[in-house]
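Student: My questions will all concern the structure given below.
Numbering (my numbering), first residue to last: 513 to 818.
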């Protein structure tokens, strides 16, 4: 038995969240660039550069969400959901490049400190940009979890990282204003860049795992096992369980061993009930079950538990 391909949900509505992210990126670029031009702070410049990365990532996310929303076709029987990984891996690479650029510019400023100007209004503008990122990241994270979209979750976590790095930059610039220690500004910028680099590395690693068809997470495999325990009490056994995650889609295949005395009709209905209970705990998933007689020794020849 196999779940029909139309179980994969329509995700075309998710593009509106990508447009929201693009709007937020454009807004914060304008605000943070203004803050840098007012103050001359390389820390605030690093913050503005990260917003440019946010924009590029959001644009990539929009394109990949459009592709991922396409229905299954003859050439892509399981849909196009893996397109989301392209968005997150490109965004991760962009973040890594931005981090290196920030470290380079900060090192130059560290060796040649420059005075900062108009810190009050500059910091106020930067705080406003951080507020925009905070509220948009909350919206994207909620949508990402609701629709199980790695693209929206990556964008949300990136924006939230931007909020925390902005807080660090703002704090550093404020201390410069109080103490006059100019080298603190590039030091904070370098610390921000290291944090940005780690975010990019995490995104790239998660995306690569997705391309490699990583298994479902432990808590979901445990939920599957709990459903199996219930059916083992009905004289049903299982083997050859395989799972994989493909962006928003989950895939599961398993062999069900039923008593040989059962009719095809009865075994089919038990398998349908089993798949229904799995979807209740996993949400939308493509599930394949293969029925075998438990009392036939060759049914156990292909045991490859995953």
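Glycine included, each C-beta is placed from N, C-alpha and C at the ideal position.
Rounded to whole angstroms, what is the Cα-Cα separation between residue 623 and residue 708?
Tutor: 22 Å
Student: Counting only runs that start and end within the region 668–729, where is the beta strand (DSSP E) found for 3 or more residues in a row?
Tutor: none
Student: Candidates 691, 645, 804: which alpha carbon is nearest residue 776's?
Tutor: 804
Student: Ends of the beta strand (DSSP E) at residue 800?
Tutor: Following the DSSP letters along the chain, one finds residue 800 inside the beta strand (DSSP E) bounded by residues 798–805.
Student: Could you name the residues that DSSP lists as bridge partners for residue 749?
Tutor: In the DSSP output, where bridge partners are listed per residue, residue 749 has 769.
Student: Using the C-alpha atoms, what's the distance from residue 525 back to residue 658?
Tutor: If I take the Cα positions, the gap works out to 13 Å.
Student: I'd like the list of long-range same chain contacts for residue 653, defined as Cβ closer than 6 Å, with 5 residues on each side in sequence excluded.
Tutor: Result list for residue 653: 668, in chain order.
Student: Which residues bound the alpha helix (DSSP H) around residue 533?
Tutor: 527–551
Student: Going by other Cβ atoms of all chains shown within 10 Å of its Cβ, with 16 needed for buried, is residue 729 buried or exposed?
Tutor: exposed
Student: Are three or more beta carbon pairs between the region 708–727 and the region 601–611 nearer than 8 Å?
Tutor: yes
Student: Helix, strand or coil for residue 754 per DSSP?
Tutor: strand
Student: Express the C-alpha separation of residue 693 and residue 618 in angstroms, rounding to a whole number.
Tutor: 15 Å
Student: How far does the alpha helix (DSSP H) with residue 586 in it extend, from its first residue to its last?
Tutor: Unbroken run through residue 586: none, as it is neither H nor E.
Student: Let me know if residue 766 comes out buried or exposed under the rule of 16 or more other beta-carbons within 10 Å of its beta-carbon.
Tutor: buried
Student: Report yes if the C-beta of residue 586 is less than 7 Å from at least one heavy atom of the ligand FAD; otherwise report no.
Tutor: With respect to small molecules bound, the structure shown includes none, and the ligand FAD cannot be examined in it.
Student: I'd like the span of the alpha helix (DSSP H) that includes residue 788, first residue to last.
Tutor: 776–794
Student: For residue 519, name the three-state secondary structure that DSSP assigns.
Tutor: In this prediction, residue 519 scores a pLDDT of 45, lower than 50, which makes its location untrustworthy; no coordinate-derived value is stated.
Student: Could you compute how far the alpha carbon of residue 677 sits from the alpha carbon of residue 637?
Tutor: If you draw a straight line from the Cα of residue 677 to the Cα of residue 637, it comes to about 15 Å.
Student: Within 10 Å of its beta-carbon, does residue 792 have 16 or more other beta-carbons around it, so buried, or fewer, so exposed?
Tutor: exposed
Student: Please work out which residues of its chain come closer than 7 Å, Cβ to Cβ, to residue 747, disregarding the five sequence neighbours upstream and downstream, and give them in chain order.
Tutor: 771
Student: Buried or exposed for residue 773, going by 16 or more other Cβ atoms inside 10 Å?
Tutor: exposed
Student: Between 664, 647, 762, which lies nearest to residue 571 when the distance is taken from Cα to Cα?
Tutor: 664
Student: Can residue 606 and residue 565 be called in contact, C-beta distance under 8 Å?
Tutor: yes
Student: Given residue 560, which residues of its chain have a CB within under 6 Å of its CB, disregarding the five upstream and five downstream residues?
Tutor: 544, 545, 548.
Student: Check this for me: beta carbons of residue 642 and residue 602, under 8 Å apart or not?
Tutor: no
Student: Can you tell me the Cβ-Cβ gap for residue 704 and residue 614, rounded? I've got them flagged as a contact below 8 Å.
Tutor: 7 Å
Student: Sort 598, 586, 563, 567 by Cα distance to residue 578 and report the nearest one.
Tutor: 598
Student: Let me check one thing: in DSSP terms, what residues is residue 764 bridge-paired to?
Tutor: According to DSSP, which records beta bridges pairwise, residue 764 is partnered with 755, 799.
Student: CA-CA distance, residue 749 and residue 796?
Tutor: 24 Å
Student: Can you have a look at residue 819 and say buried or exposed, based on whether 16 or more other CB atoms are within 10 angstroms of its CB?
Tutor: No answer is possible for residue 819: the residues shown for the chain start at 513 and end at 818.
Student: Report the option in 712, 587, 551, 620 whose CA atom is closest to the CA atom of residue 633.
Tutor: For the residues 712, 587, 551, 620, the minimum Cα distance to residue 633 belongs to 551.
Student: Taking 8 Å as the threshold (C-beta atoms), are residue 533 and residue 580 in contact?
Tutor: no
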